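So the protein lines, in turn, are chains A and B. Using my numbering, read the first sequence as starting at 3 and increasing by one per residue. Using my numbering, read the second sequence as starting at 3 and increasing by one per residue. Don't be surprised by glycine CBs; every beta carbon is placed ideally from N, CA and C. All values reported here derive from a predicted model rather than from experimental measurement. What follows is one structure encoded as structure tokens, with my remarks underneath.
Number of protein chains: 2
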Amino acid sequence: MDAGYYNGTYKVPSQRYRDWMAFIQKFVADFAGELVEMAHAAGKKAAMFQGDHWIGTEPFLPCYQDIGIDINVGAVEDGVALRRLTDSAGDQIKEARFYPYFFPDVFREGNNPVTESMANWVKIRRAMLHKPLDRIGYGGYLSLANKFPHFIDHVTQISDEFGTYRQHSAGTESAKIGGKVAVLNAWGLARSWLQNQAQDQRFYVPPRPDVMEFVGNNPLECLAGLPFDVEFISFEDILENGIADDIKVIINTGDANSAWSGGEYWGNPKVVTALREFVGKGGGLLGICDPSAHLQNGRFFQLGDVFGLEKETSLTMGRVAQPVKLDGDHYLASCLTGEEDFGNLSYVYSQAHDMSVIAAQGQHLAMTAREYGNGRSVYLGNLPFTMTNARLLQHILLWLSKSENEQYAWVSDAAWVDACYYPDSSKATVVNYTPEVQQVTVTDLSGEKQTITLEGYEWRWLDA
Amino acid sequence: MDAGYYNGTYKVPSQRYRDWMAFIQKFVADFAGELVEMAHAAGKKAAMFQGDHWIGTEPFLPCYQDIGIDINVGAVEDGVALRRLTDSAGDQIKEARFYPYFFPDVFREGNNPVTESMANWVKIRRAMLHKPLDRIGYGGYLSLANKFPHFIDHVTQISDEFGTYRQHSAGTESAKIGGKVAVLNAWGLARSWLQNQAQDQRFYVPPRPDVMEFVGNNPLECLAGLPFDVEFISFEDILENGIADDIKVIINTGDANSAWSGGEYWGNPKVVTALREFVGKGGGLLGICDPSAHLQNGRFFQLGDVFGLEKETSLTMGRVAQPVKLDGDHYLASCLTGEEDFGNLSYVYSQAHDMSVIAAQGQHLAMTAREYGNGRSVYLGNLPFTMTNARLLQHILLWLSKSENEQYAWVSDAAWVDACYYPDSSKATVVNYTPEVQQVTVTDLSGEKQTITLEGYEWRWLDA
Numbered sequence: 003m004d005a006g007y008y009n010g011t012y013k014v015p016s017q018r019y020r021d022w023m024a025f026i027q028k029f030v031a032d033f034a035g036e037l038v039e040m041a042h043a044a045g046k047k048a049a050m051f052q053g054d055h056w057i058g059t060e061p062f063l064p065c066y067q068d069i070g071i072d073i074n075v076g077a078v079e080d081g082v083a084l085r086r087l088t089d090s091a092g093d094q095i096k097e098a099r100f101y102p103y104f105f106p107d108v109f110r111e112g113n114n115p116v117t118e119s120m121a122n123w124v125k126i127r128r129a130m131l132h133k134p135l136d137r138i139g140y141g142g143y144l145s146l147a148n149k150f151p152h153f154i155d156h157v158t159q160i161s162d163e164f165g166t167y168r169q170h171s172a173g174t175e176s177a178k179i180g181g182k183v184a185v186l187n188a189w190g191l192a193r194s195w196l197q198n199q200a201q202d203q204r205f206y207v208p209p210r211p212d213v214m215e216f217v218g219n220n221p222l223e224c225l226a227g228l229p230f231d232v233e234f235i236s237f238e239d240i241l242e243n244g245i246a247d248d249i250k251v252i253i254n255t256g257d258a259n260s261a262w263s264g265g266e267y268w269g270n271p272k273v274v275t276a277l278r279e280f281v282g283k284g285g286g287l288l289g290i291c292d293p294s295a296h297l298q299n300g301r302f303f304q305l306g307d308v309f310g311l312e313k314e315t316s317l318t319m320g321r322v323a324q325p326v327k328l329d330g331d332h333y334l335a336s337c338l339t340g341e342e343d344f345g346n347l348s349y350v351y352s353q354a355h356d357m358s359v360i361a362a363q364g365q366h367l368a369m370t371a372r373e374y375g376n377g378r379s380v381y382l383g384n385l386p387f388t389m390t391n392a393r394l395l396q397h398i399l400l401w402l403s404k405s406e407n408e409q410y411a412w413v414s415d416a417a418w419v420d421a422c423y424y425p426d427s428s429k430a431t432v433v434n435y436t437p438e439v440q441q442v443t444v445t446d447l448s449g450e451k452q453t454i455t456l457e458g459y460e461w462r463w464l465d466a
Numbered sequence: 003m004d005a006g007y008y009n010g011t012y013k014v015p016s017q018r019y020r021d022w023m024a025f026i027q028k029f030v031a032d033f034a035g036e037l038v039e040m041a042h043a044a045g046k047k048a049a050m051f052q053g054d055h056w057i058g059t060e061p062f063l064p065c066y067q068d069i070g071i072d073i074n075v076g077a078v079e080d081g082v083a084l085r086r087l088t089d090s091a092g093d094q095i096k097e098a099r100f101y102p103y104f105f106p107d108v109f110r111e112g113n114n115p116v117t118e119s120m121a122n123w124v125k126i127r128r129a130m131l132h133k134p135l136d137r138i139g140y141g142g143y144l145s146l147a148n149k150f151p152h153f154i155d156h157v158t159q160i161s162d163e164f165g166t167y168r169q170h171s172a173g174t175e176s177a178k179i180g181g182k183v184a185v186l187n188a189w190g191l192a193r194s195w196l197q198n199q200a201q202d203q204r205f206y207v208p209p210r211p212d213v214m215e216f217v218g219n220n221p222l223e224c225l226a227g228l229p230f231d232v233e234f235i236s237f238e239d240i241l242e243n244g245i246a247d248d249i250k251v252i253i254n255t256g257d258a259n260s261a262w263s264g265g266e267y268w269g270n271p272k273v274v275t276a277l278r279e280f281v282g283k284g285g286g287l288l289g290i291c292d293p294s295a296h297l298q299n300g301r302f303f304q305l306g307d308v309f310g311l312e313k314e315t316s317l318t319m320g321r322v323a324q325p326v327k328l329d330g331d332h333y334l335a336s337c338l339t340g341e342e343d344f345g346n347l348s349y350v351y352s353q354a355h356d357m358s359v360i361a362a363q364g365q366h367l368a369m370t371a372r373e374y375g376n377g378r379s380v381y382l383g384n385l386p387f388t389m390t391n392a393r394l395l396q397h398i399l400l401w402l403s404k405s406e407n408e409q410y411a412w413v414s415d416a417a418w419v420d421a422c423y424y425p426d427s428s429k430a431t432v433v434n435y436t437p438e439v440q441q442v443t444v445t446d447l448s449g450e451k452q453t454i455t456l457e458g459y460e461w462r463w464l465d466a
């Protein structure tokens, strides 16, 4: 408990809490290390299952490597969960354990287990493109799965696709575009690729609310399948070491008060100054939902000067509302398809005449962009996961890193098709998210444009 | 300025600010009193125009009466502004100054000044029913108005309607229904009938934002035309004197942080306890928008136990969302027409199994009701002014004061028609808000049902 609340991961962790975590971490790593040594002494390998919790064995923290684990097994239902597995450091074998489990809740008469599996698989494989995955697996009662022969066929197909992926990607990474993207929150590395859902997602899905339906409906899921180099940094990182030179874009996404937005950290002048300097010197800043939100010094968005925005918290009600005018000439306006989903918008208003409104619903700003010093900023009201939103995020991240005019090979600009290539194996791939036929035009390594038509759900490999 | 913000009326006033107001008030009242004495000595009357501001001459505060003013003139554009004029204490003549002023912004070629005037008049006259108004007037350049003969005809018609109103109402009040309703905020009496708009209203009106369009689009405008006895009380009143026995329903409406919701006052256990006791002993509590909102002790809605609700501020994200199930059998559900407008809904969720959801949009609760001890509570996401919303508010206030089964004479249950009667003059009246023909069925004093059909905008008087 903390301050009357369950001390969930969505809460900004206190120093005391972080100290306690470090203490537990040390104890568990030491003890687990002894167990792994026994396994190794017996000529066996040791695997860690990262499932319901991993108190004391945080896979993203350095001391995890001291344990000596050989295999990380992660329960994976979407792209973010996959990246949580594949992006952690260390030379462990990475094995994804897929849903649905062979349990009677899903494997029952009248239900089709392929439905859930396919919905997961199309998310997972787009995230698989960008960081190597070594193995896949399932769990549960084989006797239950055996009653659903078309599910066995489906698993055969997944296994075949996975085999082809292993062969062509050769355990290497896709080529990345733009600059390095850092997701900034109160946890940083320790909670990399953890679903940091905002209240908008929690209230978003009608009509049958189910906690599993909310998971993944957020900007990180959009990001998980895009060809960007991504890392997670914390406010403490910035306070201790500043912002690394190779970071080109910083994302701050989450609700006010939450660990994801950062809460009281935004009251620290060193944090605010570091971010202003980062953007002023040419960096890109993407704020989603309540970026830099903390009520202090007559402001709520502490970086409102960078975004050219403020959020109405009923303390500036005297202002006269300005007409919302879309900037249709802005580069990012040309990236919109009209199918974007900005969720349930907030009470954000313009505070700068040189801020461009890219999308709005009435008085509610959905997407804005602005130049600040030598850098750029973009605000999004929200960005639930849809393929259209994911493609928009790609355009935004390229614009923020001033790479929007770069010519990248094997990059998709079609909403429903992902593409990338592997420099180390000279292979390229295109994958159709949907059951319908889709088309995508990409530029290959020789600079030639190729238009590729894919069958429903097709995943094709080509020479790059 | 206060804490980096313009110290608007929407901000919770500090003790220092209130002390300063009292100091100015004393000075202005003394000085104005000298001027009034000079006017009286010259055989004249003195009028105070309550227009753009009235620093030091707060008409709702007791020392206003020390000035000796004979006539209060108030600029009136809607029902709330009218009640701000008519509800202040004292035997001053109450004169409404109507919009539009005869200025070139409205009285220009191609514009029809009757449009604005009629939109105001239909709001004003429904509020005029319940507290007596003595005089009406206009301001500006007569030469401009003279260029619009149909506007002169329109003013003639308003004047005739006003004359008839004066004759039949005889300067008396309408009969009231239910119990006394108190609006609780940080200002109380001093800011009675001040438009306490919430951020939802400010962001609500598309497509051309104009500060005048926002004014009045709130729950108080609904209340202004209903036959309830209304007073405004402050948290300081409760702390000093408790809650008066004749108050049957308390309304707390406004955004978190604002003077209207109450901000830090809700952190005071004496306030919270007084409200719980009030409801527990049989009172009614209506919360709109962010009632009792203040982040403290692991709660945001400090009276969430009374409403059976909490607002998600990203500190309780771990909860599992429950399916929203409408309680179609609830008395208040039978009061809905489907035309209600609950504005842009918030992130409020159920925290009590015995709480009834009356209206919702997906996961967003629009209207809920609950029994608490011997009393009742209702929550509304928002209540912009519409006639349908006003009628719903009437039903809610009757239910909260346990008067929903009382038989009241000359009460309207039709959305577009207001009705009331005057015990002192034995007259009743019905008034059509719309340009279309409308019908209303009312019970007269003998208990007979009467169905009355009104022409567009018709205001009819009958024997009660």
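Test: B:Thr255 CB closer than 9 Å to a CB of chain A: Residue-level contact by beta carbon fails for B:Thr255 and chain A, as no gap is shorter than 9 Å.
Supposed close pair A:Cys422, A:Pro134 - CB separation, criterion 8 Å: Going by Cβ atoms, the distance from A:Cys422 to A:Pro134 rounds to 12 Å, so no, they are not a contact pair.
Contact belief for A:Ser294 with A:Trp268 at Cβ below 8 Å, rounded distance in angstroms: 5 Å
CB contact check: A:Met319 to chain B, cutoff 9 Å: Closer than 9 Å to the CB of A:Met319 there is at least one CB belonging to chain B.
Residues within the region 46–63 of chain B neighbouring chain A, beta-carbon criterion of under 7 Å: none
Best match in B:Ser176, B:Leu144, B:Ala411 and B:Gly139 for proximity to B:Ser161 [C-alpha to C-alpha]: B:Gly139
Under the three-state DSSP convention, the category B:Thr445 falls into: strand
Neighbour flag for B:Gln201 against chain A, beta carbons, 9 Å: Yes, B:Gln201 counts as interfacial toward chain A.
Cβ-based neighbour list, B:Tyr349, same chain, cut-off 7 Å, excluding 5 preceding and 5 following: Correct list, in chain order: Lys313 and Glu314.
Distance between B:Tyr459 and B:Ala83 (C-alpha atoms, nearest Å): 21 Å
Members of the region 353–367 of chain A near chain B, C-beta cut-off 8 Å: Gly364, Gln365 and His366
A:Trp461 beta carbon less than 9 Å from that of A:Glu163: Result yes, Cβ atoms of A:Glu163 and A:Trp461 sit closer than 9 Å.
A:Gln199 classed as buried or exposed, judged by whether at least 16 other C-beta atoms fall within 10 angstroms: Buried, because 16 or more other Cβ atoms sit within 10 Å of the Cβ of A:Gln199.
Per-residue contacts from B:Tyr381 into chain A (C-beta, under 8 Å): Here the premise fails: no neighbours, minimum Cβ distance about 16 Å.
Buried or exposed by the 16-neighbour rule on C-beta atoms within 10 Å, applied to A:Thr370: The residue in question, A:Thr370, is buried, as its Cβ has 16 or more Cβ neighbours within 10 Å.
CB contact below 9 Å: B:Asn522 versus chain A: Past the boundaries of the shown model lies residue 522 of chain B; chain B is included only from 3 to 466, so the question cannot be answered.
Same chain only: Cβ atoms within 6 Å of B:Gln298, ignoring 5 sequence neighbours per side: Result list for B:Gln298: Gly269, in chain order.
Other residues of its chain near B:Ile454: CB distance less than 6 Å, five sequence neighbours each side excluded: Val432 and Val442
Contact list for the region 4–33 of chain B against chain A, Cβ threshold 7 Å: Ala5, Gly6, Tyr7, Tyr8, Gly10, Tyr12 and Lys13
Top-ranked residue by Cα proximity to A:Val185, from A:Trp262, A:Ala392 and A:Tyr167: A:Trp262
CB contact below 9 Å: B:Ala192 versus chain D: The structure shown has no chain D; the protein chains it does contain are A and B.
Contact list for the region 299–318 of chain B against chain A, Cβ threshold 8 Å: Correct list: Asn299, Gly300, Arg301, Glu314, Thr315, Ser316, Leu317 and Thr318.
Residues sharing a beta bridge with B:Phe100, DSSP: B:Val78
Of the listed residues B:Ser379, B:Cys291 and B:Leu241, nearest to B:Pro271 (C-alpha basis): B:Leu241
Cross-chain neighbours of B:Ala258 in chain A, by beta carbon under 9 Å: Those are Thr315 and Ser316, listed as they occur along chain A.
Exposure label - A:Ala5; buried when at least 16 CB within 10 Å: Under this definition A:Ala5 is an exposed residue.
Residue-chain proximity (B:Gly264, chain A), Cβ-Cβ < 9 Å: no
Segment limits, alpha helix (DSSP H) that includes A:Arg321: Counted as a single uninterrupted DSSP element, the stretch harbouring A:Arg321 is not any alpha helix (DSSP H), since DSSP gives it neither H nor E.
Three-state secondary structure (DSSP) of A:Ser358: Reduced to three states, the DSSP call for A:Ser358 is strand.
Extent of the continuous beta strand (DSSP E) run through A:Ser352: Val350 to Ser352
Rounded C-alpha distance that separates B:Leu144 from B:Phe104: 7 Å
Of the listed residues B:Ala121, B:Ala416, B:Ala276 and B:Ile253, nearest to B:Asn243 (C-alpha basis): B:Ala276
Residue(s) in a DSSP beta bridge with B:Arg301: B:Gln298
Chain A contact for B:Arg204 (CB, 9 Å cutoff): yes
Whole-number beta carbon distance between A:Gly227 and A:Arg128, since they are thought to touch under 8 Å: 3 Å
B:Cys422 - containing beta strand (DSSP E), residue span: Val419 to Tyr424
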